[in-house]
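Novice: I am attaching a structure below and will ask some questions about it afterwards.
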Amino acid sequence: MIRTFESPAAYVQGRNATDQLGERVAALAESALVIGDSDVLEIVGDDAEASLEGNGVETAIEEFGRESSEVEIDRITEMAEDLGAEAIIGAGGGKALDTAKAVRENAGGAMISMPTIASTDAPTSSLSVIYSEDGEFERYWFYDDHPDLVLADTSVIVGAPARFFRSGISDAMATWFEADAVHRANGENFFGDGPTHAAHRLSKLCYELLRDHGASAVEAVEAGIVTESVEAVTEANTLLSGLGFENGGIAAAHSVHNGLTQLEATHHATHGEKVNFGIITQLVLEGRDDAFIDDVIDFSVELDLPVTLEELGVEEQSTGDLDRVAEAALADEETIHNAFDVTADDVRDAMVAADDLGGKRV
Ligand SMILES: [Zn+2]
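Residue numbers for the sequence shown, in the working numbering: 1 to 362.
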């Protein structure tokens with residue numbers, strides 16, 4: 001079996017890390033196009049521009065249209081080409097970063113991720129999620145190249161709503177349970193190869209940091225302050241979760257998430273919130289003992305993360321709805337097959353059991 005490990009070329013994290021942007025980009029490019037939505041540009045636009053221009057990088061800034069859609073990608077690609085920008089810098093959440101990755105794929109040059117929230121795996125990965133203009137999921141776009149630089153400014157990240165940070169913790173917890181399931185089942189990572197021991201261990205470290213620092217980090221973000229716990233959890237949510245999911249592979253928790261998107265009622269819940277319920281469902285499918293599952297549930301409750309379907313917005317669960325979720329979670333292309341040999345009945349019953357276990361502890 002061939003094993004692979006791929007990653008961004010550099011990762012920089014810390015308070016006021018934006019100050020380092022110019023110096024780092026100057027080593028890669030003489031000109032740059034920065035994209036972000038209006039809120040994000042208001043927060044980081046001036047600092048990013050000052051750092052870039054101060055280091056001799058000719059800089060243009062463009063407001064991003066909020067969807068990583070074909071139309072928006074084409075528009076910004078054309079702009080990058082007209083400007084002759086040698087680097088594209090995406091600032092913001094997953095969609096801005098995914099758009100910047102797609103523009104780099106089209107226009108060439110360097111790509112820099114500047115996540116302003118610690119809630120997704122987008123900053124480090126070599127793929128984009130493409131949506132329609134109306135925000136409906138269309139497809140994944142996989143690239144040969146990873147970002148040249150990921151720069152996470154924790155003084156910006158603590159300014160975002162804590163809900164994003166907490167959601168990122170769920171997504172990062174899933175990284176460990178899914179990479180571990182793939183490891184045990186000899187499944188594949190995101191590159192279609194075998195996972196390395198490094199990927200497995202980094203995923204475990206990710207989980208350990210979350211368990212050790214999660215609660216205090218969330219409190220700090222709620223207070224808008226940067227602490228060592230915030231640094232630890234930002235690293236887990238951004239770097240380790242990103243490296244872990246691509247290189248370690250994902251399994252049932254994300255398939256259950258994808259299945260849950262079938263239910264209109266869950267649409268107000270974030271990616272990470274739905275993933276959190278997916279984690280508990282996966283642990284039930286694995287046949288983990290009661291104390292183990294209760295421990296994960298208690299940690300989730302402590303962080304105000306959903307552990308029941310009701311908390312995700314599903315007021316009344318019907319067997320028909322849950323069957324629909326289970327069928328979707330088992331679609332051919334789903335990652336659950338990476339580590340589990342289960343039927344739709346197994347998945348539905350695991351969700352019911354997860355919901356019961358969660359309901360007892362909220
Ligand atoms: Zn995820």
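All C-beta atoms in this analysis are idealised placements derived from N, C-alpha and C, irrespective of residue type, glycine included.
Taking DSSP as the reference, what is the three-state secondary structure of residue 117?
Specialist: By 1-based counting over the sequence shown, the position of residue 117 is 117. Residue 117 falls in the coil class under three-state DSSP.
Novice: Would you report the Cα separation of residue 97 and residue 122, rounded to the nearest angstrom?
Specialist: Counting from one through the sequence shown, the residue named residue 97 turns up at place 97. Counting from one through the sequence shown, the residue named residue 122 turns up at place 122. Each residue's Cα considered, the two are about 7 Å apart.
Novice: Would you say the beta carbon of residue 367 is closer than 8 Å to some non-hydrogen atom of ligand 1?
Specialist: In the structure as shown, the chain begins at 1 and stops at 362. Residue 367 is therefore absent and cannot be evaluated.
Novice: Using a Cβ-Cβ cut-off of 6 Å (strictly less than) and excluding sequence neighbours within five positions of residue 275, which residues of its own chain qualify?
Specialist: Locating residue 275 in the sequence shown gives position 275, counting from the first residue. If we look at residue 275 and ignore the five residues flanking it on each side, its Cβ neighbours are 170, 171, 174, 253, 257.
Novice: Would the region 279-292 count as touching the region 237-249 if we require 3 or more Cβ pairs under 8 Å?
Specialist: Touching, no, given that fewer than three Cβ pairs across the two stretches are closer than 8 Å.
Novice: So what does DSSP say about residue 245, is it helix, strand or coil?
Specialist: What you label residue 245 is simply residue 245 of the sequence shown in a count that begins at 1. Looking at residue 245 - three-state DSSP - the assignment turns out to be helix.
Novice: With distances taken between CB atoms, is the gap from residue 227 to residue 277 smaller than 9 Å?
Specialist: Sequence index remark: in the sequence shown, residue 227 carries index 227 (1-based). Sequence index remark: in the sequence shown, residue 277 carries index 277 (1-based). Going by C-beta atoms, residue 227 is not nearer than 9 Å to residue 277.
Novice: Considering only C-alpha positions, which residue in the set 336, 337, 272 is nearest to residue 119?
Specialist: Here residue 119 corresponds to residue number 119 of the sequence shown, with the count starting at 1. The shortest Cα separation from residue 119 among 336, 337, 272 belongs to 272.
Novice: With a cut-off of 8 Å on the beta carbons, I'd call residue 249 and residue 342 a contact; round off their distance for me.
Specialist: Residue numbering aside, residue 249 sits at position 249 when the sequence shown is read from its first letter. Residue numbering aside, residue 342 sits at position 342 when the sequence shown is read from its first letter. Wrong, their Cβ atoms sit about 17 Å apart, outside the cutoff.
Novice: Suppose contacts are defined by Cβ-Cβ distances below 9 Å. Is residue 185 in contact with residue 5 by that definition?
Specialist: Position 185 of the sequence shown holds residue 185. Position 5 of the sequence shown holds residue 5. No, the pair does not count as a contact, with Cβ atoms beyond the cut-off.
Novice: On the DSSP bridge list, what partners appear for residue 111?
Specialist: Against the sequence shown, residue 111 aligns to sequence position 111. DSSP, once it has assigned bridges, lists 88 as partnering residue 111.
Novice: Give, in chain order, every unbroken run of the alpha helix (DSSP H) that is at least 4 residues long and sits entirely within the region 256-335.
Specialist: Taking only runs of at least 4 residues, the alpha helix (DSSP H) segments lying wholly in the region 256-335 are 271-285, 290-302, 319-329.
Novice: Under the three-state reduction of DSSP, which class applies to residue 177: helix, strand or coil?
Specialist: Counting from one through the sequence shown, the residue named residue 177 turns up at place 177. DSSP places residue 177 in helix when its eight states are reduced to three.
Novice: In the DSSP output, what is residue 225 paired with across the bridge?
Specialist: Residue mapping note: residue 225 aligns to position 225 of the sequence shown, counting from 1. None; residue 225 has no bridge partner.
Novice: By Cβ distance below 6 Å, which residues in the same chain neighbour residue 353 in space, the five residues on each side in sequence not counted?
Specialist: Within the sequence shown, the letter at position 353 stands for residue 353. Result list for residue 353: 284, in chain order.
Novice: Please report the Cβ distance between residue 368 and residue 357, rounded to the nearest whole angstrom; I am assuming they are in contact, meaning their Cβ atoms lie under 8 Å.
Specialist: Residue 368 cannot be examined here, being either before or after the span of the chain that is shown, 1 to 362.
Novice: Using only the alpha-carbon positions, how far apart do residue 55 and residue 22 sit?
Specialist: On the sequence shown, residue 55 is found 55 positions in, with the first residue counted as 1. On the sequence shown, residue 22 is found 22 positions in, with the first residue counted as 1. Residue 55 and residue 22: Cα-Cα distance of roughly 5 Å.
Novice: When DSSP labels each residue in this structure, what does residue 148 get in the three-state scheme?
Specialist: Position 148 of the sequence shown, counting from 1, holds the residue named residue 148. Note: residue 148 maps to coil in three-state DSSP.
Novice: May I ask you to check if the CB of residue 256 is nearer than 8 Å to at least one heavy atom of ligand 1?
Specialist: Along the sequence shown, read from residue 1 onward, the residue named residue 256 stands at position 256. No, the beta carbon of residue 256 sits no closer than 8 Å to any heavy atom of ligand 1.
Novice: Quick one, which of 230, 355, 330 has its alpha-carbon nearest residue 215's?
Specialist: The residue given as residue 215 occupies position 215 in the sequence shown. When each option's Cα is compared against that of residue 215, the closest is 230.
Novice: Could you check whether the Cβ of residue 120 sits closer than 8 Å to any heavy atom belonging to ligand 1?
Specialist: By 1-based counting over the sequence shown, the position of residue 120 is 120. Correct: residue 120 has its Cβ closer than 8 Å to ligand 1.
Novice: Rounded to a whole number of angstroms, what is the C-alpha to C-alpha distance between residue 50 and residue 187?
Specialist: Within the sequence shown, the letter at position 50 stands for residue 50. Within the sequence shown, the letter at position 187 stands for residue 187. Taking the straight line from one Cα to the other gives about 46 Å.
Novice: Where does residue 142 sit, in a helix, a strand or coil, going by DSSP?
Specialist: For the purposes of this step, residue 142 is taken as residue 142 along the sequence shown, with counting starting at 1. It is a strand residue.
Novice: Terminal residues of the continuous beta strand (DSSP E) containing residue 127?
Specialist: To locate residue 127, count along the sequence shown from 1; it is residue 127. Start and end: 127-131.
Novice: Any chance the CB of residue 182 is under 8 Å from a heavy atom of ligand 1?
Specialist: Here residue 182 refers to the residue found at position 182 of the sequence shown. Checking the Cβ of residue 182 against ligand 1 gives no.
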